[in-house]
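Participant: Okay, here's the structure, questions in a sec.
There are 2 protein chains.
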Amino acid sequence: MTTIYKNVYVKETATIAGEYEANGPLKKYFDRTYTKDLYFGETSFEKAEIKLLRDVTALILRKSRLKEKEVDVIISGDLSNQIAASDYAMRDFDIPFLGIYNACATSSEGMIIAANFIEGKIYKKCLVTTSSHNTAAEKQYRNPTEYGTPKPDTATFTVTGGAAILLTNEKTNIKITSSTIGKVIDKNTMDVNHMGAVMAPAAADTIYRHLTDLKRAPDYYDLILTGDLGIYGKEILLDYMKTAYNLDISKQYNDCGTMIYDLKKQPVFAGGSGPACSALVNFAYIYQALKEKKFKRVLLVPTGALFSPTLFFQKESLPAIAHAISLEVVE
Amino acid sequence: MTTIYKNVYVKETATIAGEYEANGPLKKYFDRTYTKDLYFGETSFEKAEIKLLRDVTALILRKSRLKEKEVDVIISGDLSNQIAASDYAMRDFDIPFLGIYNACATSSEGMIIAANFIEGKIYKKCLVTTSSHNTAAEKQYRNPTEYGTPKPDTATFTVTGGAAILLTNEKTNIKITSSTIGKVIDKNTMDVNHMGAVMAPAAADTIYRHLTDLKRAPDYYDLILTGDLGIYGKEILLDYMKTAYNLDISKQYNDCGTMIYDLKKQPVFAGGSGPACSALVNFAYIYQALKEKKFKRVLLVPTGALFSPTLFFQKESLPAIAHAISLEVVE
Chain R
696 MTTIYKNVYV KETATIAGEY EANGPLKKYF DRTYTKDLYF GETSFEKAEI KLLRDVTALI
756 LRKSRLKEKE VDVIISGDLS NQIAASDYAM RDFDIPFLGI YNACATSSEG MIIAANFIEG
816 KIYKKCLVTT SSHNTAAEKQ YRNPTEYGTP KPDTATFTVT GGAAILLTNE KTNIKITSST
876 IGKVIDKNTM DVNHMGAVMA PAAADTIYRH LTDLKRAPDY YDLILTGDLG IYGKEILLDY
936 MKTAYNLDIS KQYNDCGTMI YDLKKQPVFA GGSGPACSAL VNFAYIYQAL KEKKFKRVLL
996 VPTGALFSPT LFFQKESLPA IAHAISLEVV E
Chain Y
696 MTTIYKNVYV KETATIAGEY EANGPLKKYF DRTYTKDLYF GETSFEKAEI KLLRDVTALI
756 LRKSRLKEKE VDVIISGDLS NQIAASDYAM RDFDIPFLGI YNACATSSEG MIIAANFIEG
816 KIYKKCLVTT SSHNTAAEKQ YRNPTEYGTP KPDTATFTVT GGAAILLTNE KTNIKITSST
876 IGKVIDKNTM DVNHMGAVMA PAAADTIYRH LTDLKRAPDY YDLILTGDLG IYGKEILLDY
936 MKTAYNLDIS KQYNDCGTMI YDLKKQPVFA GGSGPACSAL VNFAYIYQAL KEKKFKRVLL
996 VPTGALFSPT LFFQKESLPA IAHAISLEVV E
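Shown next, in the form of structure tokens:
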């Protein structure tokens, strides 16, 4: 089922990026970059990620000239166990909090929940925030970076950043026009170093349902943008869409994981990943491109591998999800 | 901010409880009990928790005679890292999925999101599910039970169970009438074996805001029921409400953590905890009591300690949250 919105708008965004992201091609679109090291003055990577979320939340409140009490709800999630970065960052804000988790698809999940609340006239101002931190994620999901564990080319590189978006019922030039909630898709893939392959079928399922529900051809959109499939996952998606659904989206298609870094120069394997990957690209670059009318209709499809190290060690395969949300320029 | 609902109803619930819960005073209210051991025929505690969620989801679909395609969205969360029990259970259902996490307050978070969607006429049928598993939680958060680590009396005992509730816009005798989303409250408590003390101020903040927003005295409700504060946390809450807010709720007040077990006979320390604690009590016993009109107006306040072992080892204090949702009998 795809939901159509008539009264949901993007009011503001805020982004903070780390060093690798600041050295990538989208540098000029970020509000702020923290490039000295990955600690940002904190004593651990986990606390550094909390700082990213705390700072980006304070930043969007300032950019949108809102007091905490004027925000109806903040919806936040991240990769850390117990979504700890969100939990601990939100201690500092006097705003009702809903914690969410859909791995790297978290920003789209939050935007859909917020859009539903606003379209339904339940709330007027909803903040959605997310973060990821490269070395915190590596430590939790794989091995501490210091171990120097080798990785294959299909691996992705977790983006360090914090990102926030404010959705409201106040008319702006950028409207949220529809959303399609993803289903959990598991094609029995077992390669934890190839998340693009794990997530591509989930993205394909959601894009197909979105276009079918709305009876739209892919060229309705100027851009269909998945979350973090990376260079190999991107190819798999195009191939899978053709094979499984007889749909060619190659003319409109791109992937945030391949856009956030300079893949020729930076040592990031198949590209970026993590909830902050699609959130930084979408809330910084895409938001600006929509404001400048470079794109007029964009379908964002952040993708998430619902990867549990515990269950992977118990020989379970890897489930994935992708949510779609469309943004359009209001003339 | 407290939201009033006019068109949200409870259509059905389903509950599956483990052995300790089946030996407690609420046994007769559970739809099903799994009492042979804590594996339920699976090869690990984590897979056993997935089974709980999978089975309770299938059960509520059967009890409410719904096909998967008739459900608009399933909102689920649990205690496991990456909310893995929810992610992996939902592979088996062809239903759009939103993953949530607010620790033991997860069921109320899900109910509020679902109620907002239905009140706003975005969706018509929303399933909310949650689970917890005693030995899976002990292993992840503390020590494997086999280590025999001693615990103080203020510790609580994670409930093993799966619970589901179906909210709809179709009129039934039990209406969801309002909700108050919690804020993250951290009073610098550092005792991981006294979660009642950690969560009581969060519950107090939410109950106070709820009553103040709606200009209600505590006696508007037949019952104000917190999630899992346990016997000591319950006392702290009553004391805190009086001291901080000059409110006496003692006549209406109880706590699910003290209701699910026989605290005199069962070796469960200060009582039950875990997302399934309040969900089993509310969806089994309270739901039945409302159907029988033993209670007519109930304020549910599931409580969650947003406890991260990683950040606790880094000397961070323990944040908490509580969401309130009111259920009333329609005459």
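Chains as they are written, first to last, in my numbering: chain R, 696 to 1026; chain Y, 696 to 1026. Just so it is clear, CB atoms sit at the ideal spot from N, CA and C, and this is done for glycine as well. Keep in mind that this is a model prediction, so the values were computed, not measured.
Assuming residue 917 of chain Y and residue 961 of chain Y make a contact with CB atoms under 8 Å, what is their CB distance in whole Å?
Facilitator: Between residue 961 of chain Y and residue 917 of chain Y the Cβ distance is about 27 Å, and since that is not below 8 Å, they are no contact.
Participant: Which partner residues does residue 704 of chain R have in the DSSP bridge list?
Facilitator: Here residue 704 of chain R is bridged, per DSSP, to R/863 and R/870.
Participant: Is the segment 770-777 of chain R touching the segment 787-806 of chain R, taking contact as three or more C-beta pairs under 8 Å?
Facilitator: yes
Participant: Would you please verify whether the beta carbon of residue 698 of chain Y is less than 8 Å from any beta carbon of chain R?
Facilitator: yes
Participant: Which residues in chain R have a C-beta closer than 7 Å to the C-beta of residue 814 of chain Y? List them in chain order.
Facilitator: 815 and 817
Participant: Rounded to a whole number of angstroms, what is the C-alpha to C-alpha distance between residue 937 of chain Y and residue 903 of chain Y?
Facilitator: Straight through space, the alpha carbons of residue 903 of chain Y and residue 937 of chain Y are spaced by roughly 11 Å.
Participant: Quick check: the segment 711-720 of chain R against the segment 872-881 of chain R, are there 3 or more CB pairs under 8 Å?
Facilitator: no
Participant: Residue range of the beta strand (DSSP E) that residue 992 of chain Y falls in?
Facilitator: 992-996
Participant: Strictly below 9 Å CB to CB, what residues from chain Y border residue 885 of chain R?
Facilitator: Residues of chain Y with a Cβ closer than 9 Å to the Cβ of residue 885 of chain R do not exist; the shortest Cβ-Cβ separation is about 14 Å.
Participant: Given 8 Å as the limit, is there contact between the segment 807-815 of chain Y and the segment 857-876 of chain Y, that is, 3 or more CB pairs closer than that?
Facilitator: yes
Participant: Using a Cβ-Cβ distance under 8 Å, would residue 735 of chain R count as near chain Y?
Facilitator: no
Participant: Determine the closest residue to residue 931 of chain Y out of Y/896, Y/704, Y/908 and Y/909, with distance taken between C-alpha atoms.
Facilitator: Y/896
Participant: Determine, for residue 895 of chain R, whether the minimum Cβ-Cβ distance to residues of chain Y falls below 8 Å.
Facilitator: no
Participant: Please classify residue 885 of chain R as buried or exposed, where buried requires at least 16 other C-beta atoms within 10 Å of its C-beta.
Facilitator: exposed
Participant: Taking the alpha-carbon positions, what's the residue 901 of chain Y to residue 1014 of chain R distance?
Facilitator: 36 Å
Participant: In terms of alpha-carbon separation, which member of Y/821, Y/706 and Y/739 lies closest to residue 832 of chain Y?
Facilitator: Checked all of Y/821, Y/706 and Y/739; the closest Cα to residue 832 of chain Y is Y/739.
Participant: Does the distance from the C-beta atom of residue 699 of chain R to that of residue 751 of chain R stay below 8 Å?
Facilitator: no
Participant: So, residue 970 of chain Y versus residue 827 of chain Y, is the Cβ gap smaller than 8 Å?
Facilitator: yes
Participant: From the beta carbon of residue 970 of chain R, is the nearest beta carbon of chain Y less than 8 Å away?
Facilitator: By this cut-off, residue 970 of chain R is not an interface position.
Participant: Quick check: the segment 778-796 of chain Y against the segment 726-737 of chain Y, are there 3 or more CB pairs under 8 Å?
Facilitator: no
Participant: Taking the Cβ atom as the reference point for each residue, do residue 925 of chain Y and residue 797 of chain Y lie within a distance shorter than 8 Å?
Facilitator: no
Participant: Along chain Y, in chain order, which residues have C-beta atoms closer than 9 Å to that of residue 841 of chain R?
Facilitator: Within 9 Å Cβ-Cβ: nothing; residue 841 of chain R doesn't reach chain Y, min ~17 Å.
Participant: Excluding five sequence neighbours on each side, which residues of the same chain lie with their C-beta closer than 8 Å to the C-beta of residue 641 of chain Y?
Facilitator: Any answer about residue 641 of chain Y is impossible in this case: the structure gives chain Y only from 696 up to 1026.
Participant: Quick one: residues in its chain with C-beta nearer than 8 Å to the C-beta of residue 1006 of chain R, no 5 flanking neighbours on either side, listed in chain order?
Facilitator: none
Participant: Between residue 827 of chain R and chain Y, is the shortest Cβ-Cβ distance under 8 Å, so that the two count as touching?
Facilitator: no
Participant: By a C-beta neighbour count over all protein chains shown, 10 Å radius and 16 as the cutoff for buried, is residue 914 of chain R buried or exposed?
Facilitator: Under this definition residue 914 of chain R is an exposed residue.
Participant: Could you have a look at residue 977 of chain Y and say whether DSSP puts it in helix, strand or coil?
Facilitator: helix
Participant: At a CB-CB cut-off below 8 Å, which residues of chain Y make contact with residue 768 of chain R?
Facilitator: Those within 8 Å of residue 768 of chain R in chain Y are 876.
Participant: Counting only C-beta atoms, is residue 786 of chain R closer than 8 Å to chain Y at any point?
Facilitator: yes
Participant: Using Cβ-Cβ distances below 8 Å, what residues of the segment 711-742 of chain Y are close to chain R?
Facilitator: 738, 739, 741 and 742
Participant: Can you give the Cα-Cα distance for residue 777 of chain R and residue 781 of chain Y, rounded to whole angstroms?
Facilitator: 14 Å
Participant: Identify every residue that forms a DSSP beta bridge with residue 1023 of chain R.
Facilitator: R/870 and R/992
Participant: Taking just the CA atoms, how far does residue 943 of chain R sit from residue 697 of chain R?
Facilitator: 21 Å
Participant: DSSP beta-bridge partners for residue 918 of chain Y?
Facilitator: DSSP output for residue 918 of chain Y lists Y/993 as bridge partner(s).
Participant: Have a look at R/820, R/949 and R/1021 and flag the residue whose alpha-carbon is nearest the alpha-carbon of residue 921 of chain R.
Facilitator: R/949
Participant: Locate the beta strand (DSSP E) running through residue 948 of chain R, then write down its first and last residues.
Facilitator: 948-950
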